[in-house]
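K.L.:
Residue numbers (the numbering used here): 44 to 381.
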């Protein structure tokens, strides 16, 4: 996936001591061994980290903090996407929110002493253009399910990055950037029904990226000159260009079509900007510190658990048209490949 491609890119660039923090150390060690045999330089180290466990984050960061060495680049890439339904972690937090945002939020907070130890450190979050079509459910962050929960977590990533920039850039020269990798062929759809079929279908879609192409922005931002990274700090970046939020649209015509069908409204006013970022920061702080316990989500029907909350549900007709167009496009590409 993108995580491996980022490690590969940094190894190929050379000069980094790369810490691979992953849920499965066995897979991490295999990846590190494979990458170490490719052209590049530096060193690789693997640690266990489960972002759906606050205890795991504290254990990992305690080990890193004991070294008292500056952290030059922190890439927050790990994430999860489920088709539908609500899955709670042991902390009672909706899984997308916990893995995609709160785990990273706590990881950054604990490593800030090392990130601010030297100037020009960088935090890079792998976000998603789906944030453009999402909103924060301020009444209960556990309420969204499926794609809506994923979209909320990706919007949280962006708000977190913007807050980090406003709080630490001027004083500590810390750069914080959120990237959109585009439509990348990874295994993020592994929890979908018929995942193999879906992946095969997506791979023939136009403008799809390889993991290396999806990781390119992250690797570039980790290695580019300081003044370039400074110009990108606090921004949403795609293909080395700043993307203005709130304008909708995807990285390709296909993604714009799908997002437009699944999400019938763009990012809401109360879910963007400095005020929303500070509000999200405060709520996240309270949750990871155990001062706030989120309520369980309300029961919802199976069909509509795929969609965002009531006001943004698309019509079945629009979704039907989207599916028909996707089938038409795929048929065209298959014809061209003959």
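Yeah, the Cβ is synthetic: ideal placement off N, Cα and C, and Gly gets one too.
The alpha helix (DSSP H) that contains residue 105, what's its start and end?
P.N.:
Numbered from its first residue, the chain shown carries residue 105 at position 62. Residue 105 -> alpha helix (DSSP H) spans 97-108.
K.L.:
Quick check on residue 325: buried or exposed, where buried means 16 or more other Cβ atoms within 10 Å of its Cβ?
P.N.:
Start at 1 with the first residue of the chain shown, and residue 325 comes out as number 282. Classification of residue 325: exposed, given that the 10 Å Cβ count is below 16.
K.L.:
Spatial neighbours of residue 282 within its chain, please: C-beta separation below 7 Å, excluding the five flanking residues on both sides.
P.N.:
Against the chain shown, residue 282 aligns to sequence position 239. Result list for residue 282: 260, in chain order.
K.L.:
My assumption, with CB atoms under 8 Å, is that residue 47 sits in contact with residue 254. Please give the rounded CB distance.
P.N.:
Here residue 47 refers to the residue found at position 4 when the chain shown is read from its first residue. Here residue 254 refers to the residue found at position 211 when the chain shown is read from its first residue. Confirmed, about 7 Å.
K.L.:
Among 315, 276, 96 and 103, which one has its Cα closest to the Cα of residue 217?
P.N.:
Counted from its first residue, the chain shown places residue 217 at position 174. Comparing Cα positions, the closest option is 276.
K.L.:
Just curious, the beta strand (DSSP E) that residue 65 is in, first and last residue?
P.N.:
On the chain shown, residue 65 is found 22 positions in, with the first residue counted as 1. Per DSSP, residue 65 belongs to the beta strand (DSSP E) from 59-65.
K.L.:
Hey, how far is the Cα of residue 54 from the Cα of residue 60?
P.N.:
On the chain shown, position 11 is the one that residue 54 refers to. On the chain shown, position 17 is the one that residue 60 refers to. Those two C-alpha atoms are separated by around 9 Å.
K.L.:
Is residue 120 helix, strand or coil by DSSP?
P.N.:
Counting from 1 along the chain shown, the entry for residue 120 is found at position 77. Three-state DSSP puts residue 120 in coil, outside helix and strand.
K.L.:
Looking only at its chain, what residues have a beta carbon closer than 8 Å to the beta carbon of residue 144, apart from the 5 residues adjacent to it on each side?
P.N.:
Position 101 of the chain shown holds residue 144. Around residue 144: 196, 199, 200, 203 and 327.
K.L.:
State the CB to CB distance for the pair residue 108 and residue 156, rounded to an integer number of angstroms; the pair is presumed to be in contact (CB under 8 Å).
P.N.:
Locating residue 108 in the chain shown gives position 65, counting from the first residue. Locating residue 156 in the chain shown gives position 113, counting from the first residue. About 7 Å separates the two Cβ atoms, so the contact holds.
K.L.:
Mapping the DSSP letters down to three states, classify residue 136 as helix, strand or coil.
P.N.:
Here residue 136 refers to the residue found at position 93 when the chain shown is read from its first residue. In this structure, residue 136 counts as coil in the three-state DSSP scheme.
K.L.:
Using only CA atoms, which one of 205, 262, 98 and 257 lies nearest to residue 316?
P.N.:
Locating residue 316 in the chain shown gives position 273, where the first residue counts as 1. Minimum Cα distance to residue 316 is reached at 205.
K.L.:
Check the C-beta distance from residue 184 over to residue 150 and give it rounded, since I have them as a contact under 8 Å.
P.N.:
If you number the chain shown from 1, residue 184 lands on position 141. If you number the chain shown from 1, residue 150 lands on position 107. That pair is no contact at about 18 Å.
K.L.:
Output needed for residue 99: all residues of its chain with C-beta closer than 8 Å, excluding positions within five of it in sequence on either side, in chain order.
P.N.:
As a first step, residue 99 is located in the chain shown; it is residue number 56 there, counting from the start. Answer for residue 99: 91, 92 and 93, listed in chain order.
K.L.:
Excluding the 5 residues flanking residue 147 on each side, which residues of the same chain have their C-beta closer than 6 Å to its C-beta?
P.N.:
In the chain shown, counting from the first residue as 1, residue 147 sits at position 104. Result list for residue 147: 119, in chain order.
K.L.:
Is it right to say residue 174 is buried, meaning 16 or more other beta carbons lie within 10 angstroms of its own, or is it exposed?
P.N.:
Stepping through the chain shown from its first residue, residue 174 is reached at position 131. Flag for residue 174 reads buried.
K.L.:
How is residue 85 classed by DSSP in three states: helix, strand or coil?
P.N.:
Along the chain shown, read from residue 1 onward, the residue named residue 85 stands at position 42. If DSSP states are grouped into helix, strand and coil, residue 85 belongs with the strands.
K.L.:
One question on the structure: do residue 158 and residue 104 come within less than 8 Å of each other, judged by their Cβ atoms?
P.N.:
The sequence position of residue 158 within the chain shown is 115, counting from 1. The sequence position of residue 104 within the chain shown is 61, counting from 1. No, the pair does not count as a contact, with Cβ atoms beyond the cut-off.
K.L.:
If you draw a straight line from the alpha carbon of residue 87 to that of residue 122, how long is it in whole angstroms?
P.N.:
As a first step, residue 87 must be located in the chain shown, where it is residue number 44. As a first step, residue 122 must be located in the chain shown, where it is residue number 79. Near 22 Å, if we compare the C-alpha coordinates of residue 122 and residue 87.
K.L.:
My guess is that residue 95 and residue 132 are in contact by the Cβ rule of under 8 Å, so how many angstroms apart are they, rounded?
P.N.:
On the chain shown, residue 95 is found 52 positions in, with the first residue counted as 1. On the chain shown, residue 132 is found 89 positions in, with the first residue counted as 1. Residue 95 to residue 132, Cβ: 5 Å. Contact.
K.L.:
Here's a check: name, in chain order, each residue in its chain whose Cβ is nearer than 8 Å to the Cβ of residue 359, leaving out the five neighbours to either side.
P.N.:
Residue numbering aside, residue 359 sits at position 316 when the chain shown is read from its first letter. Unreliable positioning characterises residue 359 in this predicted model, as indicated by a pLDDT of 42, which lies under 50. A coordinate reading is not provided.
K.L.:
Between 189, 270 and 137, which has its C-alpha nearest residue 212's C-alpha?
P.N.:
What you label residue 212 is simply residue 169 of the chain shown in a count that begins at 1. Ranking the options by Cα distance to residue 212, first place goes to 270.
K.L.:
Does the distance from the C-beta atom of residue 50 to that of residue 78 stay below 8 Å?
P.N.:
Residue mapping note: residue 50 aligns to position 7 of the chain shown, counting from 1. Residue mapping note: residue 78 aligns to position 35 of the chain shown, counting from 1. Yes, the Cβ-Cβ distance between residue 50 and residue 78 is below 8 Å.
K.L.:
Taking only runs of the alpha helix (DSSP H) that begin and end inside the stretch 154-230, which ones reach a length of at least 4 residues, in chain order?
P.N.:
Runs found: 189-215.
K.L.:
Given that a residue counts as buried once 16 or more other Cβ atoms are within 10 Å of its Cβ, and exposed if not, what is residue 167?
P.N.:
On the chain shown, position 124 is the one that residue 167 refers to. The residue in question, residue 167, is buried, as its Cβ has 16 or more Cβ neighbours within 10 Å.
K.L.:
Starting from the Cα of residue 222, find the closest Cα among 278, 117 and 191 and give me that residue.
P.N.:
Position 179 of the chain shown, counting from 1, holds the residue named residue 222. Residue 222 has its Cα closest to that of 278, out of 278, 117 and 191.
K.L.:
Give the single residue among 85, 273, 71 and 161 whose Cα lies nearest to the Cα of residue 111.
P.N.:
Here residue 111 is taken as the residue at index 68 of the chain shown, counted from 1. Closest by alpha carbon: 161.
K.L.:
Could you check what DSSP says for residue 141 in three-state terms: helix, strand or coil?
P.N.:
Residue 141 sits at position 98 when you count from the first residue of the chain shown. Note: residue 141 maps to helix in three-state DSSP.
K.L.:
Below 8 Å CB to CB, which residues in the same chain sit around residue 319 once its five sequence neighbours on both sides are set aside?
P.N.:
Numbered from 1 along the chain shown, position 276 holds the residue referred to as residue 319. Cβ neighbours of residue 319 beyond the five flanking positions: 179, 202 and 313.
K.L.:
Kindly identify the DSSP beta-bridge partner or partners of residue 148.
P.N.:
Position 105 of the chain shown holds residue 148. Residue 148 pairs with nothing; no bridge assigned.
K.L.:
For residue 136 versus residue 45, is the C-beta spacing smaller than 8 Å?
P.N.:
Mapped onto the chain shown, residue 136 falls at position 93. Mapped onto the chain shown, residue 45 falls at position 2. Cβ atoms of residue 136 and residue 45: not closer than 8 Å.
K.L.:
In terms of residues, what are the limits of the alpha helix (DSSP H) holding residue 271?
P.N.:
Here residue 271 is taken as the residue at index 228 of the chain shown, counted from 1. Run containing residue 271: 269-275, per the alpha helix (DSSP H) assignment.
K.L.:
DSSP has residue 281 in a bridge; who is on the other side?
P.N.:
Here residue 281 corresponds to residue number 238 of the chain shown, with the count starting at 1. According to DSSP, which records beta bridges pairwise, residue 281 is partnered with 284.
K.L.:
Do the CB positions of residue 272 and residue 165 come within less than 8 Å of each other?
P.N.:
Along the chain shown, read from residue 1 onward, the residue named residue 272 stands at position 229. Along the chain shown, read from residue 1 onward, the residue named residue 165 stands at position 122. Yes, Cβ-Cβ distance for residue 272 and residue 165 is below 8 Å.
K.L.:
Quick one: what does DSSP say residue 382 is sitting in, helix, strand or coil?
P.N.:
Coverage of the chain is limited to positions 44 through 381, which leaves residue 382 absent and any answer about it impossible.
K.L.:
Output the boundary residues of the alpha helix (DSSP H) element that contains residue 111.
P.N.:
Residue mapping note: residue 111 aligns to position 68 of the chain shown, counting from 1. Element bounds for residue 111: n/a, residue is neither H nor E.
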